[in-house]
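Just so you know, the protein sequences line up as chains U and F, in that order.
Counting from 1496, one number per residue, gives the positions in the first sequence under the working numbering.
Counting from 1496, one number per residue, gives the positions in the second sequence under the working numbering.
2 protein chains.
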Amino acid sequence: MRARRYVTAAWDIGMTQDAFERWMREALSMVEQRLSLWVPFSAPAGLGEAMRYGVLDGGKRLRPLLVLASCEAVDGDVEAALRAAVSVELIHAYSLVHDDMPCMDNDVLRRGKPTVHVRFGEAGAMLAGDAMQALAFEVLTPEQGLAPELQARLCGLLSRAAGHGGMAGGQAIDLASTGLTLDEAGLRDMHYRKTGVLLRASVLMGAATGACSATAWAALTEFGDAIGLAFQVVDDILDVTQPSEKLGKTAGKDLHANKPTYVTVLGLTEARRQVQVLHGQAQDALMRSGLADAGRLRLLADMVVERDS
Amino acid sequence: MRARRYVTAAWDIGMTQDAFERWMREALSMVEQRLSLWVPFSAPAGLGEAMRYGVLDGGKRLRPLLVLASCEAVDGDVEAALRAAVSVELIHAYSLVHDDMPCMDNDVLRRGKPTVHVRFGEAGAMLAGDAMQALAFEVLTPEQGLAPELQARLCGLLSRAAGHGGMAGGQAIDLASTGLTLDEAGLRDMHYRKTGVLLRASVLMGAATGACSATAWAALTEFGDAIGLAFQVVDDILDVTQPSEKLGKTAGKDLHANKPTYVTVLGLTEARRQVQVLHGQAQDALMRSGLADAGRLRLLADMVVERDS
């Protein structure tokens, strides 16, 4: 399954699987630390508690890892990238909090725990999500320590990925698609907006923290698009092939909700083939980026397509 | 009722009521035009329609007017101020959309129309609100035409006013306060966060578009705090003294929801006296700002305390 065709390429020397795993442990530890530092205990009337519940102690942190790997690829500013990483994760986590609510997917299990509205009530969950979105932009605009030009650029990338043209737009299509027959193009558009745009933004926000040529920027955009779509196709596959305990969320729910997925539209075999095609596109894009230190991004792409939960 | 003590002061010459009303009509027209331009028709699956429904054709636009008046007071950049004005109104409007939902205030009438969730469903309303918050930051981060330093500053001011330390935090206190007895300090803190912080941010975002001394900034902060609190106390008064038709929203709802208000805590007479005290504080702060062209802000403060809907 695993496509290893670039593993001996010159640009990849120096990033062994061991070194990657060490880096990943360190990166995850820094991200958790910053999340814990920046998501407030002190917000009033239980709001801080609900926000922390919604974002701490769970999740694979794929988006923060993409930000940090991309930062390394352009030899960027790690402190800036940590702010970007936390802001992207806050947007992702708030979308899960709102998405799980009864008026949306009505889900009671997330990351192996009761969802935020089960624990804090619907109003508490809605407000926690709202405050998490605002906090993402607070984290990107500190009074000092981050150049204003970079603050502006990161806020621009994140807001466009989160909004009507990206994630929120994808959720709206998803909502409207229940019981509909989408063709592959329609499905691709929905998945692209719902998940792909924020994954791409993660890669680009990391790249914005360093010097990145127009060629590398374009290649990283393609890389982000490919793994973004691959991620969602894998999600569709896991939804029907893995049990809830493994996923930490309710399995088979798209199927039961009569929502179009890559599996229902293309079948399992073709969906798996699509993942391999997208994986290849992601690897090609990284090659074309000309970035010497893109090994972490390549290995993250491997993780995205090979994950089983 | 109307406090006119500064009307002949030198700094105020040149802003007659007529000139103010002319300016206000022009300002409102520009704000509506920009809202219509920047809130997308094109967002997918009815999302754009719900966003436009939630923010266009209604509302007094007090926050945008404060941004623009404050911009005039510092001889700021009107194009930048229009972006700030629209972004603040988007945050305000999204908060109303979410606040009206069944899990919060469960209100069916807003600005004389059915609320967004009545018209577009609960999931549609939640997503529209989410996308409106993201759009506020999109509007503040255009690819060109607004200096990055100012983009960053405006994003910082807006996110902090919208988030857990401001509006969302105030909503959380409000939610938790039903049936509780708050003292005046507790009530002030709730009102301050829920409404005051965003009104203050409106004034400061306008001031950020021009040159503003530290003295003027501090004075405008005090001005924003005073009218922010006054606005909410007036709201509490109108909730019990005006019918729904006049307000364009359900009257008496705080009373029926058993929520503490300035009227229930202090009584109507003392609440009215507080409004006058805050009005005086706002006027004093403007005097101390040393800004020559603060007449529009003064007249907006008059409007805030004298409004009957």
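Glycine is no exception: its CB is placed at the ideal position from the N, C-alpha and C atoms.
**Asked** Can residue 1623 of chain U and residue 1532 of chain U be called in contact, C-beta distance under 9 Å?
**Response** no
**Spatial distance of residue 1580 of chain U from residue 1631 of chain U (CA atoms)** = 10 Å
**Request:** Check the Cβ of residue 1602 of chain F against every Cβ in chain A and list those closer than 9 Å, keeping chain order.
**Result:** No chain A is part of this structure, whose protein chains are labelled U and F.
**Message:** Please return the same chain residues whose Cβ sits closer than 6 Å to the Cβ of residue 1589 of chain U, not counting the five positions on each side in sequence.
**Reply:** 1624, 1627 and 1628
**Message:** So if I threshold CB-CB distances at 9 Å, which residues from the region 1657-1675 of chain U count as touching chain F?
**Reply:** 1657, 1658, 1659, 1660, 1661, 1662, 1663, 1664, 1665, 1666, 1667, 1668, 1669, 1670, 1671 and 1672
**Request:** Using three-state DSSP, classify residue 1675 of chain U as helix, strand or coil.
**Result:** coil
**Message:** Please tell me whether residue 1598 of chain U and residue 1618 of chain F are closer than 9 Å, where the distance is taken between their beta carbons.
**Reply:** yes
**Request:** Put residue 1496 of chain U into one of helix, strand or coil per three-state DSSP.
**Result:** Any reading at residue 1496 of chain U is ruled out, since the residue's pLDDT is 36, under 50, leaving its predicted position unreliable.
**Request:** Pull up the distance between the alpha-carbon of residue 1514 of chain F and that of residue 1524 of chain F, whole angstroms please.
**Result:** 15 Å
**Item:** Contact check, residue 1719 of chain F vs residue 1681 of chain F, beta carbons under 9 Å
**Value:** no
**Sub-9 Å separation of residue 1522 of chain U and residue 1664 of chain F beta-carbons** = no
**chain U contacts made by the region 1642-1655 of chain F, where a contact means CB separation under 8 Å** = 1643, 1644, 1646, 1647, 1648, 1650, 1651, 1653, 1654 and 1655
**Message:** 9 Å is my cut-off, CB to CB: does residue 1531 of chain F come that close to chain U?
**Reply:** no
**Message:** Determine, for residue 1638 of chain U, whether the minimum Cβ-Cβ distance to residues of chain F falls below 9 Å.
**Reply:** yes
**Item:** Near-chain F residues of the region 1564-1588 of chain U - C-beta to any C-beta below 9 Å
**Value:** 1586
**Prompt:** Taking the alpha-carbon positions, what's the residue 1714 of chain F to residue 1584 of chain U distance?
**Reply:** 37 Å
**Message:** Let me see if you follow: with CB-CB separation under 9 Å, is residue 1628 of chain F close to chain U or not?
**Reply:** yes
**Asked** With 16 as the cutoff for other CB atoms within 10 Å, does residue 1778 of chain U come out buried or exposed?
**Response** buried
**Request:** Would you list the residues sitting across from residue 1604 of chain F in a DSSP beta bridge?
**Result:** F/1609
**Residues from the region 1608-1633 of chain U in contact with chain F, defined by Cβ distance under 9 Å** = 1612, 1616, 1617, 1618, 1619, 1620, 1621, 1622, 1623, 1624, 1625, 1626, 1627, 1628, 1629, 1630, 1631, 1632 and 1633
**Backbone secondary structure at residue 1599 of chain F - three-state DSSP** = coil
**Asked** Between the region 1531-1565 of chain U and chain F, which residues of the former have CB atoms less than 8 Å from a CB of the latter, in chain order?
**Response** 1535, 1538, 1539, 1540, 1541, 1542, 1543 and 1546
**Candidates U/1638, U/1576 and U/1661: closest to residue 1537 of chain F by CA position** = U/1661
**Request:** Given a cut-off of 9 Å, decide if residue 1656 of chain F and residue 1696 of chain F are closer than it, judged by their beta-carbon atoms.
**Result:** yes
**Asked** Which first and last residues belong to the alpha helix (DSSP H) in which residue 1767 of chain F is found?
**Response** 1763-1784
**Prompt:** So what does DSSP say about residue 1716 of chain U, is it helix, strand or coil?
**Reply:** helix
**Asked** Which residue's Cα is closest to the Cα of residue 1764 of chain F: F/1736, F/1602, F/1587 and F/1790?
**Response** F/1736
**Prompt:** Three or more beta-carbon pairs under 8 Å between the region 1592-1611 of chain U and the region 1723-1734 of chain U, yes or no?
**Reply:** no
**Request:** Could you tell me which chain U residues have their CB closer than 7 Å to the CB of residue 1593 of chain F, listed as they occur along the chain?
**Result:** 1621 and 1625
**Asked** Should residue 1801 of chain F go down as buried or exposed, given a rule of 16 or more other Cβ atoms within 10 Å for buried?
**Response** exposed
**Message:** Considering only their Cβ atoms, is the gap separating residue 1795 of chain U from residue 1652 of chain U smaller than 9 Å?
**Reply:** no
**Message:** Quick check on DSSP: helix, strand or coil for residue 1628 of chain F?
**Reply:** helix
**Asked** What's the call for residue 1567 of chain F, buried or exposed, on a 16-neighbour Cβ count within 10 Å?
**Response** buried
**Item:** Burial state of residue 1559 of chain U (16 or more Cβ within 10 Å)
**Value:** buried
**Asked** Out of F/1759, F/1686, F/1526 and F/1753, which has the shortest C-alpha to C-alpha gap to residue 1575 of chain F?
**Response** F/1526
**Message:** Just checking: is the beta-carbon of residue 1688 of chain U within a distance shorter than 9 Å of some beta-carbon in chain F?
**Reply:** yes
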